[in-house]
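**Q** What follows is a single structure, and I will ask about it in a moment.
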Amino acid sequence: MLNLVLFGPPGSGKGTQASNIITKYSLVHISTGDILRHEVKNETPLGQEAKKFMDGGLLVPDEVVIGMLGTKIDESIAEGARGFIFDGFPRTVAQAEALDKLLTFKETEINKVLALEVDDEELVTRILKRGETSSRSDDQDESIIRKRIVEYNNKTAPVAAYYDNQGKYTALAGVGTIDQIFQSLCMEIDKLA
Ligand code: B4P
486 MLNLVLFGPP GSGKGTQASN IITKYSLVHI STGDILRHEV KNETPLGQEA KKFMDGGLLV
546 PDEVVIGMLG TKIDESIAEG ARGFIFDGFP RTVAQAEALD KLLTFKETEI NKVLALEVDD
606 EELVTRILKR GETSSRSDDQ DESIIRKRIV EYNNKTAPVA AYYDNQGKYT ALAGVGTIDQ
666 IFQSLCMEID KLA
């Protein structure tokens, strides 16, 4: 299997690039943001719990996110998945450890973590622009967007060191055209083949 993590701060382009990568490499796309927004939209108990955190620009608690992913990974492997691209997950070291355990149990592992580097002001500009057309409440307010970036620096940035220690972490420029960034991601993925 080929299992990739697309890593980076909010608005760095993880979702944008993941949708190109799944088409080219036939991987299963696991976006915790998309799954959580689906739960919120359907007003499930999980969605109602998650909404309180998402609206405030905070991470949803680890146990909620980890529990929600196990079934999805199991089902996809049973259906013969070639591999996964994890987009927006793991966002804490506890999530990274849980993912390693889950994949080891399935006799597979994360092969590579590709990080998109984008400066804070560009992130805020991009997310506010998306907020003009998206219905996402966490995209509308600059103070909430900045809170998401603080949350990233405090809780998610340490995940980089976790994978760097395993020799799996590569950072790439996340500023440029969507196609340029896609090409640099593909160059890294092709080295794994
Ligand atoms: P996510 O849905 O993961 O959203 P994101 O970080 O905002 O987006 P992403 O980096 O994918 O950016 P995108 O491609 O859309 O998370 C939302 C919330 O869910 C979190 O705050 C948290 O509360 C919760 N959550 C999710 N996962 C969790 C977890 N594991 N644990 C706990 N909580 C979790 O790009 C952004 C914009 O930039 C788009 O408009 C795009 O068009 C534009 N763009 C992309 N590439 C560009 C480029 N090269 N140049 C210019 N613009 C570009």
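So the sequence shown is numbered by my numbering: it starts at 486 and just counts up by one. C-beta atoms are modelled at their ideal positions from N, C-alpha and C, and glycine is treated no differently.
1) Which residues in the same chain as A566 place their Cβ atom closer than 6 Å to its Cβ, once the five residues preceding and following it in sequence are excluded?
2) Report back the beta-carbon spacing between G552 and G659 to the nearest angstrom; my notes put them in contact at under 8 Å.
3) Taking Cβ to Cβ, would you say R611 is nearer than 9 Å to G542?
4) Does the segment 566-580 come within contact of the segment 515-523, defined as at least 3 CB pairs closer than 8 Å?
5) Buried or exposed: V644, going by 16 or more other Cβ atoms within 10 Å of its Cβ?
6) Closer than 7 Å by C-beta to E636: which residues in its own chain qualify, once you throw out the five before and the five after it? Chain order, please.
7) Determine the contact status of Y648 and I570, defining contact as a CB-CB distance below 9 Å.
8) Please tell me whether, using a cut-off of 8 Å, the distance from the CB of K614 to the nearest non-hydrogen atom of the ligand B4P is below it.
9) How would you write the range of the alpha helix (DSSP H) that D519 sits in, first residue to last?
**A** On the basis of the data shown:
1) Contacts found: V513.
2) No, G552 and G659 are not in contact; Cβ-Cβ is about 30 Å, not under 8 Å.
3) No.
4) Segments in contact, yes.
5) Classification for V644: buried.
6) Excluding sequence neighbours, E636 sits near G542, L543 and L544.
7) In this structure, Y648 lies away from I570, with their beta-carbon atoms at least 9 Å apart.
8) Relative to the ligand B4P, K614 has its C-beta within less than 8 Å of a heavy atom.
9) D519: member of the alpha helix (DSSP H) spanning T517 to K526, first to last residue.
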